[in-house]
Ligand SMILES: [Mg+2]
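In structure tokens:
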């Protein structure tokens, strides 16, 4: 029998800041870019639950978060506190939490700074899995003074959905025999891999919920979604066979910058890419790596459309100059017609390196 857990730190960045700054206690808190009195650029990284009551969400423009905070203030509610991102601190806290988890669970796959999948099959029963999850929540609360949400299910898909069902500080268990029924009334968006585009495609055919899409045959889903349709057919029925791997390493290191003004000036962007390349290589070394095999350039246009281009090298690379050179080459496609036929101005660039060693 497989039992899989999914653990997710609650409003992670914001919770760390609340923990470390007593004046943030009980206040709506937004971790992200500097709002500059509503004129700031960049986005919200994490909002705590009080700030979410104002409608503030992750990835929202920081100027919009500021506006929502002002709306609340004019109604006599406390305005949000805006706090910058302390990435290094969150990485350290994350590493300590992952260590606490690894002490009790042998197979853990970290999928982001505050999320991991746990293979709990070795415990043999859902009762035992629940006990260890409760223990883990208590330990993390005691050691790091942070709350977590855990979901337990027969596979990764259902474990993740269990986590989403009760947040924050939740613990939800979905057993194999109830998985399919629990999934049916939910929006198709709960299935990983169904993004806004696929959702719209289904909606055009009158399908919004998981149960609507279950009327399609495996062939029908393949016609609609390509090869992935086979996998999706299983997922719609609560089945997911993907394993949980031992994946404790950091998979990528990256830096990005939102410009003060949208731009198409190649000299300016080139200069910023050089700074970012150096910063990425410095962080790579600080995280204990020497080389990377892939470079990824992210570009966000003025309308928030975001595209990436990447290059995989045949040899491991360690120099910031090579990274910068490659980033410039990748950038070219965004300055000419290939990736940017409408010649939209650029709001943000980011460089990431992957396949680290
Ligand atoms: Mg989280």
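Numbering (our numbering), first residue to last: 1406 to 1762.
Glycine included, every Cβ here is placed at the ideal spot set by N, Cα and C.
Note that this is a predicted model, so its numbers are computed, not measured.
Buried versus exposed, by CB contacts within 10 Å (16 or more), residue i
{"i": "residue 1426", "result": "exposed"}
{"i": "residue 1672", "result": "exposed"}
{"i": "residue 1414", "result": "buried"}
{"i": "residue 1568", "result": "buried"}
{"i": "residue 1546", "result": "exposed"}
{"i": "residue 1566", "result": "buried"}
{"i": "residue 1645", "result": "buried"}
{"i": "residue 1515", "result": "buried"}
{"i": "residue 1666", "result": "exposed"}
{"i": "residue 1561", "result": "buried"}
{"i": "residue 1477", "result": "buried"}
{"i": "residue 1623", "result": "exposed"}
{"i": "residue 1743", "result": "exposed"}
{"i": "residue 1455", "result": "buried"}
{"i": "residue 1731", "result": "buried"}
{"i": "residue 1746", "result": "exposed"}
{"i": "residue 1601", "result": "exposed"}
{"i": "residue 1608", "result": "exposed"}
{"i": "residue 1658", "result": "buried"}
{"i": "residue 1675", "result": "exposed"}
{"i": "residue 1513", "result": "buried"}
Whole-Å CB distance - residue i paired with residue j, under 8 Å assumed
{"i": "residue 1697", "j": "residue 1722", "result": "6 Å"}
{"i": "residue 1711", "j": "residue 1701", "result": "At roughly 12 Å, the Cβ-Cβ gap does not stay under 8 Å, so residue 1711 and residue 1701 are not in contact."}
{"i": "residue 1494", "j": "residue 1555", "result": "Not quite, the Cβ-Cβ distance comes to about 24 Å (not below 8 Å), so this is no contact."}
{"i": "residue 1660", "j": "residue 1725", "result": "Actually they are not in contact, since the Cβ atoms of residue 1660 and residue 1725 sit about 12 Å apart, beyond 8 Å."}
{"i": "residue 1593", "j": "residue 1612", "result": "7 Å"}
{"i": "residue 1526", "j": "residue 1406", "result": "7 Å"}
{"i": "residue 1749", "j": "residue 1709", "result": "Not confirmed; about 10 Å, so no contact."}
{"i": "residue 1760", "j": "residue 1691", "result": "Going by Cβ atoms, the distance from residue 1760 to residue 1691 rounds to 18 Å, so no, they are not a contact pair."}
{"i": "residue 1424", "j": "residue 1551", "result": "7 Å"}
{"i": "residue 1459", "j": "residue 1433", "result": "6 Å"}
{"i": "residue 1557", "j": "residue 1531", "result": "7 Å"}
{"i": "residue 1634", "j": "residue 1585", "result": "So it is not a contact: roughly 18 Å between Cβ atoms."}
Per DSSP, the bridge partner or partners of residue i
{"i": "residue 1488", "result": "1436"}
{"i": "residue 1706", "result": "1751"}
{"i": "residue 1714", "result": "1702"}
{"i": "residue 1466", "result": "1448"}
{"i": "residue 1617", "result": "In DSSP, residue 1617 forms no bridge with anything."}
{"i": "residue 1758", "result": "1658 and 1700"}
{"i": "residue 1638", "result": "Answer by DSSP bridge pairing: none, since residue 1638 is not bridged."}
{"i": "residue 1522", "result": "1411 and 1514"}
{"i": "residue 1576", "result": "1555"}
{"i": "residue 1592", "result": "1614"}
{"i": "residue 1722", "result": "1697"}
{"i": "residue 1663", "result": "1753"}
Short Cβ contact (8 Å threshold) for residue i with residue j
{"i": "residue 1817", "j": "residue 1640", "result": "Any answer about residue 1817 is impossible in this case: the structure gives the chain only from 1406 up to 1762."}
{"i": "residue 1521", "j": "residue 1528", "result": "no"}
{"i": "residue 1753", "j": "residue 1664", "result": "yes"}
{"i": "residue 1606", "j": "residue 1588", "result": "no"}
{"i": "residue 1419", "j": "residue 1464", "result": "no"}
{"i": "residue 1795", "j": "residue 1649", "result": "Given that the chain is displayed from residue 1406 to residue 1762, the structure contains no residue 1795 and the question cannot be resolved."}
{"i": "residue 1471", "j": "residue 1443", "result": "yes"}
{"i": "residue 1678", "j": "residue 1733", "result": "yes"}
{"i": "residue 1758", "j": "residue 1704", "result": "no"}
{"i": "residue 1632", "j": "residue 1576", "result": "no"}
{"i": "residue 1505", "j": "residue 1436", "result": "no"}
{"i": "residue 1429", "j": "residue 1519", "result": "no"}
{"i": "residue 1496", "j": "residue 1484", "result": "no"}
{"i": "residue 1462", "j": "residue 1449", "result": "yes"}
{"i": "residue 1740", "j": "residue 1669", "result": "yes"}
{"i": "residue 1626", "j": "residue 1614", "result": "no"}
{"i": "residue 1445", "j": "residue 1467", "result": "yes"}
{"i": "residue 1682", "j": "residue 1728", "result": "yes"}
{"i": "residue 1751", "j": "residue 1553", "result": "no"}
{"i": "residue 1559", "j": "residue 1539", "result": "no"}
{"i": "residue 1716", "j": "residue 1689", "result": "no"}
Residue-chain proximity (residue i, chain B), Cβ-Cβ < 8 Å
{"i": "residue 1628", "result": "Considering every chain present, this structure includes no chain B. It has just one protein chain."}
#### Entry: Quiz: which residues have CB nearer than 7 Å to ligand 1 non-hydrogen atoms
1413, 1414, 1415, 1416, 1417, 1519 and 1520
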